[in-house]
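Asker: Could you have a look at this structure, given as structure tokens, before my questions?
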Amino acid sequence: VYNDLEIAIMLEDICLTAQAGSQGVVFGALTADKKLDKPNLEKLIAASKGMEIVFHMAFDELSDEDQPEAIDWLSQAGVTRILTRAGVSGDSLEKRFVHYHRILEYAKGKIEILPGGGIDLENRQTFIDQVGVTQLHGTKVVF
Numbered sequence: 002v003y004n005d006l007e008i009a010i011m012l013e014d015i016c017l018t019a020q021a022g023s024q025g026v027v028f029g030a031l032t033a034d035k036k037l038d039k040p041n042l043e044k045l046i047a048a049s050k051g052m053e054i055v056f057h058m059a060f061d062e063l064s065d066e067d068q069p070e071a072i073d074w075l076s077q078a079g080v081t082r083i084l085t086r087a088g089v090s091g092d093s094l095e096k097r098f099v100h101y102h103r104i105l106e107y108a109k110g111k112i113e114i115l116p117g118g119g120i121d122l123e124n125r126q127t128f129i130d131q132v133g134v135t136q137l138h139g140t141k142v143v144f
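In the numbering used here, the protein residues as written are 2 to 144.
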């Protein structure tokens with residue numbers, strides 16, 4: 002949950018990033034009840050015009066039931082991809098793989114899904130093989 006000052010800072014950061022020649026930005030915003038903060042997201046998305054937009058792992062805070070609607074709204078609003086761990090910290094890889102498949106199937110043709118969170122050198126190939134993706138996000142993923 003962001004307050005007005007934090008949103009203003011984010012908007013300024015997006016402006017400065019665009020002026021510096023950035024091709025993309027990453028952000029997310031939820032309400033206190035863990036729903037998309039659509040009014041603030043609309044502002045951030047408008048400020049990001051012309052850049053790729055990634056909705057960050059705030060997506061994982063949405064309930065499983067709210068995620069399909071969020072995929073629809075984010076894709077229609079101009080978000081390029083969603084970064085998600087497809088679960089919560091501590092979930093087994095097998096549980097996450099099931100959820101990735103569900104998300105990927107729903108998002109197909111609408112928005113890209115970027116697997117992240119807990120992906121490292123040891124399990125990166127398993128993610129590629131099991132989830133069937135061509136892109137990964139991780140702090141310890143080196144090809």
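C-beta atoms are modelled at their ideal positions from N, C-alpha and C, and glycine is treated no differently.
Using the Cβ count rule (16 or more neighbours within 10 Å means buried), how would you classify ASP65?
Answerer: Counting Cβ neighbours within 10 Å, ASP65 comes out exposed, since fewer than 16 surround it.
Asker: Can you tell me whether ASN4 is buried or exposed? The criterion is at least 16 other CB atoms within 10 Å of its CB, across all chains shown.
Answerer: ASN4 is exposed by the Cβ-count criterion.
Asker: In whole angstroms, what is the alpha-carbon distance linking PHE98 and ASP38?
Answerer: Rounded to whole angstroms, PHE98 to ASP38 spans 27 Å at the Cα level.
Asker: Quick test of your reading: LEU45 and ILE15, contact by CB under 8 Å. State the CB separation rounded to the nearest angstrom.
Answerer: Confirmed, Cβ separation roughly 7 Å.
Asker: Using the rule of at least 16 other Cβ atoms within 10 Å of the residue's Cβ for burial, across every protein chain shown, is VAL26 buried or exposed?
Answerer: Buried: at least 16 other Cβ atoms inside 10 Å.
Asker: Please go through the same chain and pick out, in chain order, the residues whose beta-carbon is closer than 7 Å to the beta-carbon of GLY119, but skip the five residues on each side of it.
Answerer: So the qualifying residues of the chain are ARG86.
Asker: Tell me which residue opens and which closes the beta strand (DSSP E) that ARG82 is part of.
Answerer: First-last of the beta strand (DSSP E) with ARG82: 82–85.
Asker: Measuring only the C-alpha atoms, how far is GLU95 from GLN68?
Answerer: The straight-line gap from Cα to Cα measures roughly 19 Å.
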